[in-house]
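S.K.: Quick one: structure below, then a few questions.
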């Protein structure tokens, strides 16, 4: 009998969704950061949908700050909206908890969720509390609706050979705590959408070593990465910057003719957040090879 | 230290959402079947949002049909849309599974989900697969977006004293298998919205003994129930009909002047599904008292 431990996460997803009713894939693909629902022509926005789970023993432990766990649960989803140039609108929070859970602990988690909504937008519209068997882990499942100006959602599949690759912030070091306190790049994503012809964008959740090849593959490109240019967090090296994951920074591509202008204007508008040119896309089948990063069900 | 086992589910929810950013409660309340997002005046529909979890050992076991488990996961959410007169539009499916899960089993579950979407509408737009620690239960969290004609979503909080109470189908017997194979009343809910002034509606998920008092309280009414009129499933008695839960039938109220006409037209339009008059609403503080039904975190 084949077990999930025998197949990779991507193969699992492909098998599961093969027979599901799905919308025609006009724009966003299952691999994009959010689903994009196009509304009728006279509507002003498209809708973004995203769901994301946090599981005790996998994504967090009881030793971490409860408030930070709540912050992270909302910030992860908000980061996916940011990656498309969108904004969070409404959240639904599902919690599945053993009856032995402390009330004060779960209230702290919700306070952290509220902190992130106050800081980056979105409101609670629904959810569910459900019981887990005793001894089972706590599970949070966050679902959210976002908005993005009509026909403007940025995808990861639209980079072109020659496009310059940029990354925001500094990479690596998530294990040291950054993964609990990051800021989703909502404002930056929206600014890029309003002011620049970004050709492709996504957020970095599994490490650039895994996410950049994903963007390249989705865009039918190869890539060349300048390893000496990768910006890494103080205390980290290149290896951590490539593989740690959970950076929640933006990875984006622009046409070569826009690259210099973007760097200049960005530095004036967002002096506190570095934007770094780290390589460029090339034709499919050429360029560098990178691997690693996080897989929930690594094939053996 | 206070544990979840020391507070009831309703008190837990109230504590958790107290400090969350929320929309002004103009129409739907947290207790309604779905969240209702009103769109700008020139939009034709309002949006419904709903999330619902299924947990191994609580809502299902591995001994049940995998395909039926998938059906139920989608049908439960669809039933909440039906309860507001709405229709499912898009689904996101989150699965959290130990790596020891059989691939064939989870594929069967997804096939059951697809069956229900094909039968009652809605398409897959996103989701997530995540790993659970070994030995932990499988968790499915379904989130969905639905639509309802603008300003027409039916609520549970709008019944008036004097309104007649109806229920569709027959109640009780969920434990014997009905809870895995029910049909969400999408078509019936929409027909009611289009053809009758229904004053309040909800679906029966926790047993009429728990859900009818909820509708009454939300509407600031009492109720009188004709126990001899409750329609119960063959093989069940009144006790099962009141308390089993998971009926997924519609509970609705109409003005007394509409009651006779509704019964007559319903019988012609839906001869296969009984509609039964089971009582009426009265002023708050008077009428019957009912208790029982399902509570995830019963207060001790």
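Chains as they are written, first to last, in my numbering: chain C, 1 to 300; chain V, 1001 to 1300.
Where a beta carbon is used, it is the ideal one built from N, C-alpha and C, also for glycine.
What residues from the stretch 51 to 66 of chain C come within 9 Å of chain V, judged by C-beta to C-beta, listed N to C?
M.R.: Residues passing the 9 Å Cβ filter: 51, 52, 53, 54, 55, 56, 57, 58 and 59.
S.K.: Residue 19(C) versus chain V: which residues are under 9 Å apart at the beta carbon?
M.R.: Translated into positions along the first chain, residue 19(C) becomes position 19. In chain order: 1107, 1110, 1111 and 1114.
S.K.: Between residue 1128(V) and chain C, is there a C-beta pair that is closer than 8 Å?
M.R.: Against the second chain, residue 1128(V) aligns to sequence position 128. Chain C contact via Cβ: present.
S.K.: Pull up the distance between the alpha-carbon of residue 33(C) and that of residue 1250(V), whole angstroms please.
M.R.: Counting from one through the first chain, the residue named residue 33(C) turns up at place 33. Counting from one through the second chain, the residue named residue 1250(V) turns up at place 250. Their Cα atoms are separated by approximately 37 Å.
S.K.: With a floor of 4 residues, list each alpha helix (DSSP H) that falls wholly inside the stretch 187 to 270 of chain C, ordered by position along the chain.
M.R.: Listed in chain order, they are 208 to 218, 238 to 243 and 256 to 269.
S.K.: Quick one: grab the DSSP three-state call for residue 171(C).
M.R.: Walking along the first chain from the start, residue 171(C) turns up at place 171. Strand.
S.K.: Once DSSP output is grouped into helix, strand and coil, what is the label at residue 77(C)?
M.R.: Residue 77(C) sits at position 77 when you count from the first residue of the first chain. Residue 77(C): helix per DSSP, three-state reduction.
S.K.: Determine the chain C residues that contact residue 1123(V) at a beta-carbon separation under 9 Å, and present them in chain order.
M.R.: Taking the first residue of the second chain as 1, we reach residue 1123(V) at position 123. Chain C residues near residue 1123(V): 20, 21, 22 and 23.
S.K.: Would you say residue 131(C) reaches chain V, if we count a Cβ-Cβ gap shorter than 8 Å as a contact?
M.R.: Numbered from its first residue, the first chain carries residue 131(C) at position 131. It does: the Cβ of residue 131(C) has a partner Cβ on chain V nearer than 8 Å.
S.K.: Starting from residue 1047(V), trace the beta strand (DSSP E) in both directions and tell me its first and last residue.
M.R.: Position 47 of the second chain, counted from the start, is the residue given in the question as residue 1047(V). Unbroken beta strand (DSSP E) run through residue 1047(V): 1045 to 1055.
S.K.: Would you verify that the beta carbon of residue 1145(V) is, or is not, closer than 8 Å to some beta carbon of chain C?
M.R.: Counting from one through the second chain, the residue named residue 1145(V) turns up at place 145. Cβ-Cβ to chain C under 8 Å: yes for residue 1145(V).
S.K.: Just reading off the alpha helix (DSSP H) that residue 1022(V) is part of, what are its end residues?
M.R.: In the second chain, counting from the first residue as 1, residue 1022(V) sits at position 22. Run containing residue 1022(V): none; DSSP gives neither H nor E here.
S.K.: With H, G and I counted as helix, E and B as strand and the rest as coil, what does DSSP make of residue 132(C)?
M.R.: As a position in the first chain, residue 132(C) is number 132, starting the count at 1. In this structure, residue 132(C) counts as strand in the three-state DSSP scheme.
S.K.: Could you spell out where the beta strand (DSSP E) holding residue 140(C) opens and where it closes?
M.R.: To locate residue 140(C), count along the first chain from 1; it is residue 140. Run containing residue 140(C): 139 to 149, per the beta strand (DSSP E) assignment.
S.K.: Compute the Euclidean distance between the alpha carbons of residue 300(C) and residue 1218(V), then round it to the nearest angstrom.
M.R.: On the first chain, position 300 is the one that residue 300(C) refers to. On the second chain, position 218 is the one that residue 1218(V) refers to. In this prediction, residue 300(C) scores a pLDDT of 46, lower than 50, which makes its location untrustworthy; the coordinate-derived value is nonetheless stated afterwards. Cα-Cα distance, rounded: 54 Å.
S.K.: Measure the alpha-carbon distance for residue 107(C) versus residue 261(C) and round it to whole angstroms.
M.R.: Within the first chain, numbered from 1, the residue matching residue 107(C) stands at position 107. Within the first chain, numbered from 1, the residue matching residue 261(C) stands at position 261. If you take the alpha carbons of residue 107(C) and residue 261(C), they lie about 46 Å apart.
S.K.: How would you list, in chain order, the residues of chain V whose beta-carbon sits under 8 Å from the beta-carbon of residue 38(C)?
M.R.: Numbered from 1 along the first chain, position 38 holds the residue referred to as residue 38(C). Residues of chain V passing the Cβ test: none, with the nearest at roughly 11 Å.
S.K.: What do you reckon, are the CB atoms on residue 270(C) and residue 216(C) nearer than 8 Å?
M.R.: On the first chain, residue 270(C) is found 270 positions in, with the first residue counted as 1. On the first chain, residue 216(C) is found 216 positions in, with the first residue counted as 1. Contact: no.
S.K.: Flag this pair as touching only if the stretch 46 to 57 of chain C and the stretch 179 to 189 of chain C have three or more C-beta atom pairs under 8 Å; answer yes or no.
M.R.: No, they do not touch.
S.K.: Rounded to a whole number of angstroms, what is the C-alpha to C-alpha distance between residue 1010(V) and residue 8(C)?
M.R.: Working through the second chain from its first residue, we reach residue 1010(V) at position 10. Working through the first chain from its first residue, we reach residue 8(C) at position 8. Taking the straight line from one Cα to the other gives about 40 Å.
S.K.: What did DSSP end up calling residue 1070(V) once you bin it into helix, strand or coil?
M.R.: For the purposes of this step, residue 1070(V) is taken as residue 70 along the second chain, with counting starting at 1. In the structure shown, residue 1070(V) sits in a helix (DSSP, three-state: H, G or I).
S.K.: With a threshold of 8 Å between beta-carbons, can residue 117(C) be considered close to chain V, or not?
M.R.: As a position in the first chain, residue 117(C) is number 117, starting the count at 1. Taking Cβ atoms only, chain V reaches closer than 8 Å to residue 117(C), which makes this a yes.
S.K.: For residue 1(C), which of helix, strand or coil comes out of DSSP?
M.R.: Reading the first chain from its first residue, position 1 is the one you call residue 1(C). It is coil, neither helix nor strand.
S.K.: Quick one: grab the DSSP three-state call for residue 1275(V).
M.R.: Stepping through the second chain from its first residue, residue 1275(V) is reached at position 275. DSSP places residue 1275(V) in strand when its eight states are reduced to three.
S.K.: Does DSSP put residue 1300(V) in a helix, a strand or coil?
M.R.: As a position in the second chain, residue 1300(V) is number 300, starting the count at 1. In this prediction, residue 1300(V) has a pLDDT of 47, which is less than 50 and means its spatial position is unreliable; what the coordinates show is noted afterwards. The answer is coil: DSSP assigns residue 1300(V) none of H, G, I, E or B.
S.K.: Using 10 angstroms around the beta-carbon of residue 1226(V), count the other beta-carbons present and answer buried if the total reaches 16, otherwise exposed.
M.R.: Reading the second chain from its first residue, position 226 is the one you call residue 1226(V). Exposed is the call here.
S.K.: Could you check where the alpha helix (DSSP H) with residue 1181(V) kicks off and where it finishes?
M.R.: Within the second chain, numbered from 1, the residue matching residue 1181(V) stands at position 181. 1178 to 1181 is the extent of the alpha helix (DSSP H) around residue 1181(V).
S.K.: Please classify residue 1153(V): does DSSP put it in a helix, a strand, or coil?
M.R.: Stepping through the second chain from its first residue, residue 1153(V) is reached at position 153. The answer is coil: DSSP assigns residue 1153(V) none of H, G, I, E or B.
S.K.: Could you tell me whether any Cβ in chain V is nearer than 8 Å to the Cβ of residue 274(C)?
M.R.: The residue given as residue 274(C) occupies position 274 in the first chain. Chain V, which has no Cβ nearer than 8 Å to the Cβ of residue 274(C), makes this no.
S.K.: Does the Cβ-Cβ distance between residue 91(C) and residue 142(C) come in under 8 Å?
M.R.: Translated into the one-based positions of the first chain, residue 91(C) becomes position 91. Translated into the one-based positions of the first chain, residue 142(C) becomes position 142. Contact flag set, yes.
S.K.: Pick out whichever of 166(C), 115(C), 152(C) and 161(C) has its Cα sitting closest to the Cα of residue 221(C).
M.R.: For the purposes of this step, residue 221(C) is identified with residue 221 of the first chain, where counting begins at 1. Closest option to residue 221(C), Cα to Cα, is 161(C).
S.K.: With 16 as the cutoff for other CB atoms within 10 Å, does residue 1001(V) come out buried or exposed?
M.R.: Your numbering for residue 1001(V) matches position 1 in the second chain. Label assigned to residue 1001(V): exposed.
S.K.: Kindly indicate if chain C contains any beta-carbon less than 8 Å away from that of residue 1043(V).
M.R.: Counting from 1 along the second chain, the entry for residue 1043(V) is found at position 43. Yes, contact with chain C.
S.K.: Identify the continuous beta strand (DSSP E) that holds residue 93(C) and give its terminal residues.
M.R.: Counted from its first residue, the first chain places residue 93(C) at position 93. From DSSP, the beta strand (DSSP E) with residue 93(C) extends over 87 to 98.
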